[in-house]
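Colleague:
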Amino acid sequence: MTTNRLRPAPWNELSVLLGLWAAVAAYLLPLALIDPIARLLGAEASFRDAGDAFEKASRIAAYADLALARAVAGNPLPAPPRLLADPVAVRVAWAMALVSSALFLGALLLGARQHPRQLARTLGLDRFDAGRLWLPALCVAISYPLTGVYAAAVEALGIGPLVPVPSPATVEPVLRDPAALALYGLATVIAAPLSEEAVYRGLAFTGTLRWGFWPAAAFSAALFALSHRDPATLLPFFAIGLVLAWLYWRAGSLWDAVAFHVLFNGLSFILLLARS
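Listed below in structure tokens is the structure:
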């Protein structure tokens, strides 16, 4: 196994840093636009449900107490609590996720400063080989169950901050609205793998490969793990980032890392639909 087909990128560390700052802006700008766009469309900027049954019940009880007190005093009744996310707002949120993914590709172009055709050759995007897809699929088949083993292990050891906590309040609004679900699937299964691999492996890993495989892989994997903003997923996503870098390095084509990412996220999406 050699790196003959994948050479260090012609851009340097400063270019990598420039592209990464552009990626941060590509994340923050659409995020900041979600609320005003939702309000412009007449939606209440509520993107998540109130929470579990106990939280919803407590909100209803608090509303009932306040409404009764105001009624007795002859004051106007308070607005009812919003327990369910506004579907239009949820659609806007995931549409902005697609915009963010598109801007991520712009961050790659800004950092690499190459013509798109030359950049495609540098990243091996002109070397797609369907016959190699068995390896990303095998890596997903191994790594996906291991993430569950990791979650069970840290929970058994009582390491609270490292225990992944499901967030049904985030997912339930998506499952209730077909349009939001379609946007969610497109964003997580297609757009995110393409955009994240473009920045973390294409820009960061290739741009630091002159350091050697392991330092460059660790650097890009750390960026990938930190980008998910969840302490509980830092270790498993760091490990997955190493696998993604290895697949890219081994094949000399970013398509292998993208294939792993699509399969991994696609499996999560299928399981989400099955559980619903």
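Residue numbers for the sequence shown follow full-length UniProt numbering, beginning at 1 and rising by one. Even for Gly, the Cβ is constructed at its ideal location relative to N, Cα and C. Fair warning: this is a prediction, and the values are worked out from it, not measured in the lab.
(1) Can you tell me whether P173 is buried or exposed? The criterion is at least 16 other CB atoms within 10 Å of its CB, across all chains shown.
(2) Considering only residues of the same chain and omitting the five flanking positions on each side of M1, which have a CB-CB separation below 7 Å?
(3) Excluding the five sequence neighbours on either side, which residues of its own chain have a C-beta within less than 8 Å of the C-beta of P231, listed in chain order?
(4) Determine the DSSP secondary structure at R229, reduced to helix, strand or coil.
(5) Looking only at C-alpha atoms, which of F264, E197 and G42 sits nearest to T147?
(6) With a threshold of 16 other CB atoms inside 10 Å of the CB of V90, please say whether the residue is buried or exposed.
(7) Out of L18, T208 and A95, which has the shortest C-alpha to C-alpha gap to A179?
(8) Between the C-alpha atoms of F260 and D126, what's the straight-line distance to the nearest angstrom?
(9) By Cβ distance, which residues of its chain are closer than 6 Å to W11, with the 5 residues on each side in sequence left out?
(10) Quick check: the stretch 100-111 against the stretch 192-210, are at least 3 beta-carbon pairs closer than 8 Å?
(11) Using CA atoms only, rank isn't needed, just tell me which of G124, A153 and G185 is closest to A97.
(12) Going by beta carbon distance, what residues of the same chain come within less than 6 Å of P30, once the five residues before and after it are set aside?
(13) For D129, is the classification buried or exposed, using 16 other Cβ atoms within 10 angstroms of its Cβ as the cut-off for buried?
(14) Going along the chain, which residues of its own chain have a beta-carbon closer than 7 Å to the beta-carbon of L272, five neighbours each way excluded?
(15) Sorted by chain position, which residues of the same chain lie with C-beta nearer than 7 Å to R132's C-beta, five sequence neighbours on each side aside?
(16) Could you spell out the range, first to last residue, of the alpha helix (DSSP H) harbouring R132?
(17) Kindly say whether A152, judged by its beta-carbon, lies nearer than 8 Å to any beta-carbon of chain C.
Modeller: The short version:
(1) Reading the sequence shown from its first residue, position 173 is the one you call residue 173. Classification of P173: buried, given that the 10 Å Cβ count is 16 or more.
(2) Taking the first residue of the sequence shown as 1, we reach residue 1 at position 1. For M1, the pLDDT reaches just 42, beneath the cut-off of 50, and the residue's location in the model is therefore unreliable, although a value from the coordinates is still provided. Excluding positions up to five away in sequence, the list reads R250.
(3) Working through the sequence shown from its first residue, we reach residue 231 at position 231. Cβ neighbours of P231 beyond the five flanking positions: P161 and L162.
(4) Along the sequence shown, read from residue 1 onward, the residue named residue 229 stands at position 229. Correct three-state label for R229: coil.
(5) Counting from 1 along the sequence shown, the entry for residue 147 is found at position 147. Of F264, E197 and G42, the residue nearest in Cα terms is F264.
(6) The residue you call residue 90 lines up with position 90 of the sequence shown. With 16 or more Cβ atoms within 10 Å of its Cβ, V90 is classed as buried.
(7) In the sequence shown, counting from the first residue as 1, residue 179 sits at position 179. Comparing Cα-Cα distances from A179 to each of L18, T208 and A95, the minimum goes to A95.
(8) The residue given as residue 260 occupies position 260 in the sequence shown. The residue given as residue 126 occupies position 126 in the sequence shown. So the alpha carbons of these two residues sit roughly 18 Å apart.
(9) The count along the sequence shown starts at 1 and reaches residue 11 at position 11. Within the same chain, W11 has close Cβ partners A112 and G207.
(10) yes
(11) To locate residue 97, count along the sequence shown from 1; it is residue 97. Answer by Cα proximity: G185.
(12) As a working note, residue 30 is residue 30 in the sequence shown. Cβ neighbours of P30 beyond the five flanking positions: M96, V99 and S100.
(13) As a first step, residue 129 must be located in the sequence shown, where it is residue number 129. Exposed, because fewer than 16 other Cβ atoms sit within 10 Å of the Cβ of D129.
(14) In the sequence shown, counting from the first residue as 1, residue 272 sits at position 272. For L272, where only same-chain residues beyond five positions count, the Cβ hits under 7 Å are V171.
(15) Start at 1 with the first residue of the sequence shown, and residue 132 comes out as number 132. Cβ neighbours of R132 beyond the five flanking positions: A251 and D256.
(16) Within the sequence shown, the letter at position 132 stands for residue 132. Per DSSP, R132 belongs to no alpha helix (DSSP H) and is neither H nor E.
(17) Although the question refers to chain C, the structure presented lacks it and comprises just one protein chain.
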